[in-house]
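Chains as they are written, first to last, in my numbering: chain A, 213 to 436; chain B, 559 to 869.
Have a look at this one:
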C-alpha cells in the first residue's frame with residue numbers, strides 16, 4: 213500500500229518535472245555566436261569578423277567563428293561587400309607560456325550559420341592564448357604547394373595569405389552554477405507543488421451523498 | 559540558386575534540446591487527442607483542434623530551428639519575423655486547440671484523475687476569498703495579462719536589452735521564454751482555453767481586449783520605422799546581406815512589426831466578431847416560435863406568423 217503510494221507520488225513528480233521542462237526547454241535553449249574580437253577588419257581582399265564562444269572561455273571548450281566579406285575599393289564603411297563563402301580558413305591557438313599549439317580548419321559544416329566558418333578546440337591549459345586566423349583565397353586548398361597558382365575564380369594568388377590575430381585568456385573550468393541553479397529551481401518547484409497540494413486539500417473529505425431510498429410502489433388502489 | 563541563398567537555406571539549428579521537447583509535446587497531444595476522440599466521438603477532439611495545435615508546434619519549430627532563428631542574429635527584419643511568430647502566431651494556435659484536457663487524456667487513468675483532482679482543488683482554493691487566491695486571480699486577470707504582455711514586448715525591444723540578448727545565448731533564450739509566456743497568458747483570455755480560473759469574459763470584451771493590443775504594437779513599429787539612427791548597434795558588428803544597410807533593415811523590421819503584427823490582432827478580432835454574430839443568430843433562431851400547423855390559425859402562438867396569415 214505504502215509502496216504503491218510512493219510510486220504514484222514519484223510518477224506525479226516526474227510528470228510535474230516533465231511538464232515544467234517541456235515548453236521552457238526549447239525556448240531557453242539558444243546558442244549565441246559569442247564575444248566579438250575583430251569587427252570588419254580589412255585583410256587584403258577580405259574584411260574579417262571573428263567571435264569566440266563560450267564567454268568566459270574555459271579549459272576544455274573553445275570555439276572560434278569567422279565571417280568574411282569582400283573588401284571593396286572605395287567603400288569607406290566596409291559594409292558593401294558580399295560574403296565570401298569558399299575561402300580556406302585555418303585557426304591556430306598558441307599558449308603563450310608553454311608554446312603549445314593547436315590548429316584546426318574552420319569550416320561551414322561546424323557553424324550553425326552556413327555563411328560563417330567555425331573551428332572547435334579543447335584547450336587543456338589555462339592562461340593567455342594567441343589566436344591566429346589565416347585566410348587563403350578561394351580554391352587554394354589543394355594549391356598550397358605551388359605558390360604561383362591562382363586561387364580558383366577569385367583571381368587572387370595563393371601567396372596572398374591573410375593573417376589576423378588576437379589574444380584571449382582561457383580560465384579554469386568554472387563551477388557549474390547554472391546547473392546548480394537549475395537544480396535548486398526544480399526542487400523549489402516540486403516543493404511548491406507539494407505545499408500547494410496540501411494547502412488546497414479540503415479540511416474534510418467530501419462525502420458521497422447517500423443513495424436515495426427507492427420508494428416502494430404504492431399498492432394498487434392507493435394509500436388509505 | 560545563388561551560393562548565398564543556398565547557404566542561408568542550409569542554416570538550420572537542429573539542436574536536440576529544442577527538437578526533442580517539441581516532438582514530445584506534439585506526440586503527447588496526439589496521444590491524448592486520439593484517446594479523447596475515441597471516447598467523445600470527435601466532439602472534443604475534432605480535426606480542427608489537432609490541426610491548430612500541430613500548426614502551433616510547427617510555427618514554434620520554424621521560429622526556433624529554421625534559418626529564421628539562425629539569421630535573426632544577422633538581420634533585424636528576420637528577427638522581427640521570429641518575434642512575430644513567437645508572440646502572435648504560435649500561442650493563439652496552441653491555445654485554440656484547448657490543449658489542457660487533451661494532455662490530461664494522454665495520461666494513464668489514475669494519474670489523470672489525480673491531476674484533475676489537484677486542479678479542481680486549486681480552483682476551489684482560489685475561489686475561497688483568501689489573500690493568496692485574490693493575488694493569483696488579480697495577477698492573471700485580463701488587465702494584468704495585457705499589461706505584462708505590453709511591458710515584456712517593450713522591455714526586450716529596448717536597445718540595450720536587445721543587444722545583450724543577442725550577445726549572450728542564455729539571455730536570448732530568456733527573452734523568448736518571457737515572450738511566449740506572456741503571449742500564452744494574453745491569448746489564454748482571448749481563446750478562453752482551459753483551465754479557466756476567471757469568469758469567461760463576454761465575447762465583445764474579448765474583441766476589445768485583442769484590439770487594445772494594436773496601439774502598443776503600432777507604436778513600436780512606427781518608432782522603429784521612423785528612427786533616424788540605428789537603435790540596435792549590434793547589427794553594425796555583423797556582415798550585411800544582400801546589400802541591405804543597417805538602417806534599411808531597421809525600417810523593414812519596424813514595418814513587419816507594424817503592419818503584419820497589427821494584422822494578427824485584427825484577424826483575431828474579426829474571428830471573434832464572426833463567432834459573436836453566429837452565436838447571436840443561434841439565439842434568435844432558438845427564440846423563433848414554432849411553425850404553426852395548418853388550420854390552427856386561431857391558436858395563440860405568441861404573435862408569430864400563422865399558416866393563414868402567411869397565405
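Yeah, the Cβ is synthetic: ideal placement off N, Cα and C, and Gly gets one too.
Treat the numbers as computed from the prediction; the structure is a model and nothing was measured.
Problem - Min CB distance residue 292(A) to chain B below 9 Å - result: So, interface residue.
Practice task
Please decide whether residue 798(B) counts as near chain A, where near means a Cβ-Cβ distance under 9 Å.
Solution key: yes
Exercise for the section: Look at residue 643(B) and residue 607(B) and say whether their C-beta atoms are less than 9 Å apart. Expected result: no
Practice task
Just confirm the distance between the C-beta atoms of residue 662(B) and residue 590(B), as a whole number of angstroms; I'd bet it's less than 8 Å.
Solution key: With a Cβ gap of about 7 Å, residue 662(B) and residue 590(B) count as contacting.
Handout entry: C-beta contact flag for residue 378(A) and residue 250(A) at 9 Å
Key = yes
Problem - Beta carbon of residue 834(B) nearer than 9 Å to that of residue 745(B) - result: no
Exercise for the section: Identify every residue that forms a DSSP beta bridge with residue 621(B). Expected result: DSSP, once it has assigned bridges, lists no residue as partnering residue 621(B).
Problem - C-beta atoms of residue 333(A) and residue 277(A) nearer than 9 Å - result: no
Problem - Any non-hydrogen atom of the ligand HEM within 8 Å of residue 672(B) CB - result: The ligand HEM is absent from the structure shown, which contains no ligands of any kind.
Exercise for the section: Could you have a look at residue 775(B) and say whether DSSP puts it in helix, strand or coil? Expected result: helix
Practice task
Starting from the Cα of residue 283(A), find the closest Cα among 272(A), 349(A), 341(A) and give me that residue.
Solution key: 349(A)
Exercise for the section: In the DSSP assignment, find the beta strand (DSSP E) that holds residue 379(A) and state where it starts and stops. Expected result: Counting along the chain, the beta strand (DSSP E) containing residue 379(A) begins and ends at 374-382.
Problem - Cβ shell of residue 583(B) (< 8 Å), same chain only, five flanking positions each side left out - result: 615
Handout entry: Residue closest to residue 818(B), alpha-carbon to alpha-carbon, out of 568(B), 579(B), 638(B)
Key = 638(B)
Exercise for the section: Please state if the CB of residue 796(B) and the CB of residue 632(B) are separated by a distance shorter than 9 Å. Expected result: yes
Practice task
Compare the C-beta of residue 247(A) with all C-beta atoms of chain B and state if any pair is closer than 9 Å.
Solution key: yes
Exercise for the section: Take the Cβ of residue 733(B) as the centre, count every other Cβ of all protein chains shown within 10 Å, and call the residue buried at 16 or more, exposed below. Expected result: Flag for residue 733(B) reads buried.
Problem - Straight-line gap, residue 397(A) to residue 406(A) (C-alpha atoms, nearest Å) - result: 14 Å
Exercise for the section: Kindly list, in the order they appear in chain B, the residues whose Cβ is closer than 7 Å to that of residue 324(A). Expected result: 569, 571, 628
Exercise for the section: State the CB to CB distance for the pair residue 789(B) and residue 782(B), rounded to an integer number of angstroms; the pair is presumed to be in contact (CB under 8 Å). Expected result: At roughly 7 Å, the Cβ-Cβ gap stays under 8 Å, so residue 789(B) and residue 782(B) are in contact.
Exercise for the section: Decide yes or no for the touch test of the segment 254-272 of chain A against the segment 306-324 of chain A: beta carbon pairs closer than 8 Å, at least 3 of them. Expected result: no
Problem - Beta-carbon neighbours of residue 269(A), restricted to chain B and to distances below 9 Å - result: Ordered by position in chain B, no residue passes the 9 Å Cβ test against residue 269(A), which lies about 14 Å from the chain.
Handout entry: Contact check, residue 664(B) vs residue 593(B), beta carbons under 9 Å
Key = yes
Handout entry: Any 3 or more C-beta pairs closer than 8 Å across the segment 694-710 of chain B and the segment 736-745 of chain B
Key = yes
Practice task
Mind checking which residues open and close the alpha helix (DSSP H) that includes residue 639(B)?
Solution key: 634-642
Handout entry: Inter-residue spacing [alpha-carbon to alpha-carbon] between residue 737(B) and residue 845(B)
Key = 45 Å
Problem - Cα-Cα separation, residue 682(B) to residue 598(B) - result: Those two C-alpha atoms are separated by around 26 Å.
Problem - Reference residue 247(A); option with closest CA among 566(B), 569(B), 725(B) - result: 725(B)
Problem - Check whether residue 752(B) and residue 659(B) have beta carbons under 9 Å apart - result: yes
Handout entry: Buried or exposed (CB count within 10 angstroms, at least 16 for buried), residue 568(B)
Key = exposed
Practice task
Can you grab the Cα-Cα spacing for the pair residue 770(B) / residue 717(B), in whole Å?
Solution key: 25 Å
Practice task
Give the straight-line distance between the Cα atoms of residue 748(B) and residue 766(B), rounded to the nearest whole angstrom.
Solution key: 10 Å
Problem - DSSP three-state assignment for residue 269(A), whether helix, strand or coil - result: strand
Handout entry: Strand pairing of residue 250(A), partner residues [DSSP]
Key = 262(A)
Exercise for the section: Determine the direct distance from the alpha carbon of residue 563(B) to that of residue 840(B), and round the result to whole angstroms. Expected result: 52 Å
Practice task
Mind checking which residues open and close the beta strand (DSSP E) that includes residue 717(B)?
Solution key: That residue, residue 717(B), is in no beta strand (DSSP E); its alpha helix (DSSP H) goes 717-725.
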